[in-house]
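Last residue of the sequence shown: number 224 in the numbering used here, and the count goes up by one each step with no gaps.
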Amino acid sequence: MSIRDWPAAERPREKLLEMGPGSLSDAELLAIFLRTGVAGQSAVDLARTLLSDFGSLRALLEADLGTFSERFGLGPAKFAQLQAVLEMGRRHLAERLHRDSALESPQAVRDYLKARLRHEPHEVFACLFLDARHRVLAFEVLFHGSIDGASVYPRQVVKRALAHNAAALILTHNHPSGVAEPSQADRSLTRRLQDALGLIDVRVLDHFIVGDGEPLSMVEHGWM
Numbered sequence: 001m002s003i004r005d006w007p008a009a010e011r012p013r014e015k016l017l018e019m020g021p022g023s024l025s026d027a028e029l030l031a032i033f034l035r036t037g038v039a040g041q042s043a044v045d046l047a048r049t050l051l052s053d054f055g056s057l058r059a060l061l062e063a064d065l066g067t068f069s070e071r072f073g074l075g076p077a078k079f080a081q082l083q084a085v086l087e088m089g090r091r092h093l094a095e096r097l098h099r100d101s102a103l104e105s106p107q108a109v110r111d112y113l114k115a116r117l118r119h120e121p122h123e124v125f126a127c128l129f130l131d132a133r134h135r136v137l138a139f140e141v142l143f144h145g146s147i148d149g150a151s152v153y154p155r156q157v158v159k160r161a162l163a164h165n166a167a168a169l170i171l172t173h174n175h176p177s178g179v180a181e182p183s184q185a186d187r188s189l190t191r192r193l194q195d196a197l198g199l200i201d202v203r204v205l206d207h208f209i210v211g212d213g214e215p216l217s218m219v220e221h222g223w224m
């Protein structure tokens with residue numbers, strides 16, 4: 001049966017307009033993106049099959065072009081559309097973050113860092129550079145590492161802070177394992193960066209570790 005033959009309240013698009021996007025399942029949201037199904041499957045059926053095949057919505061969104069294109073003939077055009085949707089989401093979060101002080105919008109900071117770093121397959125270290133009123137100047141990925149670590153050089157962090165004329169910054173890195181608990185090396189690195197940046201009067205406000213859940217704040221846990 002085609003989706004057009006379903007009761008209006010059960011059609012994903014009508015349901016979204018009536019009840020909001022939060023009321024839709026992952027499969028229903030994906031079906032709206034797909035727009036059409038394939039022979040013998042509605043868009044919702046295809047979406048359910050894709051989610052089952054990939055294992056999760058996150059795995060589908062993070063698939064590369066080769067893996068994505070192997071499934072049901074979904075080629076470069078659909079892949080490009082999906083990547084555009086993801087990038088629009090990231091830019092929306094970035095605009096939210098730029099409007100306010102980072103300290104006044106802690107959830108906006110978490111949402112943005114999660115969107116930027118959670119999908120990375122290897123460890124990545126980045127900084128959110130802030131002005132004297134803690135408004136965002138720039139976000140930069142400074143170091144890429146292996147699956148279990150990144151070499152971070154305080155001199156380079158200091159250099160970028162000076163280049164942005166930053167008064168403060170927020171450190172962040174991801175744990176590809178999904179576990180956000182900081183290692184002893186993470187804590188030691190944070191202290192070294194605090195010391196180095198303190199010499200040029202740049203405050204380190206926090207260090208967020210991005211895993212599968214909400215990014216962990218080292219300040220909130222008393223580790224800074």
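Glycine is no exception: its CB is placed at the ideal position from the N, C-alpha and C atoms.
What you are looking at is a predicted structure, and each value in this text was computed from that prediction instead of being measured.
Practice problem: Measure the beta-carbon distance from leucine 29 to proline 21 and round it to whole angstroms, keeping in mind my assumption that it falls under 8 Å. | Solution: The residue given as residue 29 occupies position 29 in the sequence shown. The residue given as residue 21 occupies position 21 in the sequence shown. About 7 Å separates the two Cβ atoms, so the contact holds.
Quiz item: histidine 92 to tyrosine 153, Cα distance in whole Å?
Solution: Along the sequence shown, one-based indexing puts residue 92 at 92. Along the sequence shown, one-based indexing puts residue 153 at 153. Looking at the two C-alpha atoms, the distance is approximately 31 Å.
Quiz item: Which one of Asp131, Ala115, Gln184, Leu50 has the shortest CA to CA distance from valine 85?
Solution: As a position in the sequence shown, residue 85 is number 85, starting the count at 1. The residue with the shortest Cα to Cα distance from valine 85 is Ala115.
Quiz item: Unbroken beta strand (DSSP E) runs of length 3 or more, entirely within the segment 70-151: which are they?
Solution: 124-130, 136-144
Exercise. In angstroms with no decimal places, state the Cα-to-Cα distance between arginine 191 and aspartate 206.
Key: The residue you call residue 191 lines up with position 191 of the sequence shown. The residue you call residue 206 lines up with position 206 of the sequence shown. Rounded to the nearest angstrom, the two C-alpha atoms are 11 Å apart.
Self-check item: Opposing strand residues paired with isoleucine 209 [DSSP bridges]
Solution: Here residue 209 refers to the residue found at position 209 when the sequence shown is read from its first residue. DSSP, once it has assigned bridges, lists His173, Leu216 as partnering isoleucine 209.
Practice problem: Using beta-carbon positions only, say whether alanine 126 and leucine 142 come within less than 8 Å of one another. | Solution: For this step, residue 126 is matched to residue 126 along the sequence shown. For this step, residue 142 is matched to residue 142 along the sequence shown. For alanine 126 and leucine 142, yes; Cβs fall inside 8 Å.
Quiz item: If we ignore side chains and look at the alpha-carbon of each, how far apart do aspartate 212 and arginine 118 end up?
Solution: Here residue 212 refers to the residue found at position 212 when the sequence shown is read from its first residue. Here residue 118 refers to the residue found at position 118 when the sequence shown is read from its first residue. Taking the straight line joining both Cα atoms gives about 7 Å.
Quiz item: For arginine 11, which three-state DSSP category applies?
Solution: Along the sequence shown, one-based indexing puts residue 11 at 11. If DSSP states are grouped into helix, strand and coil, arginine 11 belongs with coil.
Quiz item: CB leucine 46 to CB leucine 60, shorter than 8 Å?
Solution: Along the sequence shown, one-based indexing puts residue 46 at 46. Along the sequence shown, one-based indexing puts residue 60 at 60. The answer is no: Cβ separation not under 8 Å.
Self-check item: Simplified DSSP assignment, three categories, for glycine 222
Solution: Looking up residue 222 in the sequence shown gives position 222. Note: glycine 222 maps to coil in three-state DSSP.
Quiz item: What's the C-alpha gap between alanine 163 and proline 121?
Solution: On the sequence shown, residue 163 is found 163 positions in, with the first residue counted as 1. On the sequence shown, residue 121 is found 121 positions in, with the first residue counted as 1. Whole-angstrom Cα-Cα distance: 29 Å.
Quiz item: Would methionine 1 be called buried (16 or more neighbouring beta carbons within 10 Å of its own) or exposed?
Solution: For the purposes of this step, residue 1 is taken as residue 1 along the sequence shown, with counting starting at 1. Legend: pLDDT at methionine 1 = 46, less than 50; position of this residue unreliable, no value from coordinates given.
Quiz item: Is it buried or exposed for glutamate 70, if we count other Cβ within 10 angstroms and need 16 for buried?
Solution: Walking along the sequence shown from the start, residue 70 turns up at place 70. Its Cβ having fewer than 16 others within 10 Å, glutamate 70 is exposed.
Quiz item: With a Cβ-Cβ cutoff of 8 Å, do valine 202 and alanine 180 count as a contact?
Solution: Within the sequence shown, the letter at position 202 stands for residue 202. Within the sequence shown, the letter at position 180 stands for residue 180. Taking 8 Å as the Cβ cut-off, valine 202 and alanine 180 do not qualify as a contacting pair.
Self-check item: Exposure of glutamate 18, with buried meaning 16 or more beta-carbon neighbours within 10 Å
Solution: Taking the first residue of the sequence shown as 1, we reach residue 18 at position 18. Exposed.
Exercise. Rounded to whole angstroms, what's the CA-CA distance from leucine 16 to isoleucine 32? Just pull it up for me.
Key: The sequence position of residue 16 within the sequence shown is 16, counting from 1. The sequence position of residue 32 within the sequence shown is 32, counting from 1. Distance between the alpha carbons of leucine 16 and isoleucine 32 is about 9 Å.
Quiz item: If you draw a straight line from the alpha carbon of phenylalanine 79 to that of phenylalanine 68, how long is it in whole angstroms?
Solution: Counting from one through the sequence shown, the residue named residue 79 turns up at place 79. Counting from one through the sequence shown, the residue named residue 68 turns up at place 68. When rounded, the distance between both Cα atoms is 7 Å.
Self-check item: Extent of the continuous alpha helix (DSSP H) to which alanine 28 belongs
Solution: By 1-based counting over the sequence shown, the position of residue 28 is 28. Checking the sequence shown, residue 28 turns out to be glutamate, not alanine. From DSSP, the alpha helix (DSSP H) with glutamate 28 extends over 26-34.
Self-check item: For valine 158, the first and last residue of its enclosing alpha helix (DSSP H)
Solution: Mapped onto the sequence shown, residue 158 falls at position 158. Start and end: 154-163.
Quiz item: Is alanine 43 near the ligand FMN, judged by its Cβ being under 7 Å from some heavy atom?
Solution: Among the ligands in the structure shown, none appear at all, so the ligand FMN cannot be discussed.
Quiz item: Does the separation of the CB atoms of glutamate 214 and proline 176 fall below 8 Å?
Solution: Along the sequence shown, one-based indexing puts residue 214 at 214. Along the sequence shown, one-based indexing puts residue 176 at 176. No.
Exercise. Use the C-beta contact count for asparagine 174: other C-beta atoms within 10 angstroms, 16 or more gives buried, fewer gives exposed.
Key: The residue given as residue 174 occupies position 174 in the sequence shown. Flag for asparagine 174 reads buried.
Self-check item: Residue range of the unbroken alpha helix (DSSP H) whose run includes leucine 199
Solution: Looking up residue 199 in the sequence shown gives position 199. Note, leucine 199: premise wrong, no alpha helix (DSSP H); not H, not E.
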